[in-house]
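Note that full-length UniProt numbering has the sequence shown beginning at 1, numbered continuously upward.
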Amino acid sequence: MAKRGGFPGGMPGNMANLMKQAQKMQRQMEEQAKEMETKEFSATAGGGAVEATVSGTKKLLKVKLDEEAVDPDDVEMLEDMIVAAVNEAMDKADAESAAGMSRLTGGMGGGMPGLF
């Protein structure tokens, strides 16, 4: 007659190792999040006429404008360059964060929110 309880012999030990690994991964993810808080990502648009810098937590830190970019007759072009530079800087921050997560999870998770 089969024993009840599912996995005879050793499952509690394996579960303990799994829990330790999960706790280690959680600590590493917290460390990565703290590290991202200190990083800055910059991008330019318009051949360097506009530069945007964002933090690793995706907060806009600064926008630098070349005098040549400021044309009162073409404000729309300047607005477009600012948006392009900010979006590119945000993309860089996202890519760095995703690469760090992938290193920690070994590619597991597939971007599924709440998995890790």
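The beta-carbon is built from N, C-alpha and C at its ideal position, and this holds for glycine as well.
Pairwise C-alpha distance: residue j and residue i
i, j, result
"Leu60", "Asn14", "45 Å"
"Thr38", "Gln28", "16 Å"
"Asp71", "Leu65", "11 Å"
"Glu30", "Thr44", "30 Å"
"Leu18", "Ala99", "23 Å"
"residue 119", "Ala89", "Because the chain is modelled from 1 through 116, residue 119 falls outside the range shown and cannot be assessed."
"Asn87", "Lys62", "13 Å"
"Glu22", "Lys58", "Sequence check: residue 22 is Ala here, not Glu. Looking at the two C-alpha atoms, the distance is approximately 27 Å."
"Arg103", "Val54", "23 Å"
Cβ shell of residue i (< 7 Å), same chain only, five flanking positions each side left out
i, result
"Ala69", "Gly46, Ala49, Val50, Leu78 and Met81"
"Ala85", "Ala43, Thr44, Ala45, Val50, Glu51 and Ala52"
"Asp73", "none"
Cut-off 8 Å between Cβ atoms - residues of its own chain near residue i, not counting five sequence neighbours on either side
i, result
"Gly56", "Glu35, Met36, Glu37, Thr38, Lys39, Glu40, Phe41, Ala93, Glu96 and Ser97"
Exposure of residue i, with buried meaning 16 or more beta-carbon neighbours within 10 Å
i, result
"Gly110", "With a pLDDT of 49 at Gly110, under the threshold of 50, the predicted position of this residue should be treated as unreliable, though the coordinate-derived value follows. Gly110 comes out exposed."
"Ala16", "exposed"
"Val75", "exposed"
"Val83", "exposed"
Chain C within 8 Å of residue i, Cβ atoms only
i, result
"Val70", "In the structure shown, chain C cannot be found, because there is only a single protein chain."
Close beta carbons around residue i, own chain, < 6 Å, minus the five adjacent residues each side
i, result
"Lys101", "Position check: residue 101 holds Met in this sequence, whereas Lys was assumed. Counting only Cβ-Cβ distances below 6 Å, and skipping sequence neighbours, we find nothing."
Practice prompt. Can you check the segment 20–77 for any alpha helix (DSSP H) of at least 4 residues that lies completely inside it and give the ranges in chain order?
Written response: Runs of the alpha helix (DSSP H) inside the segment 20–77: none found.
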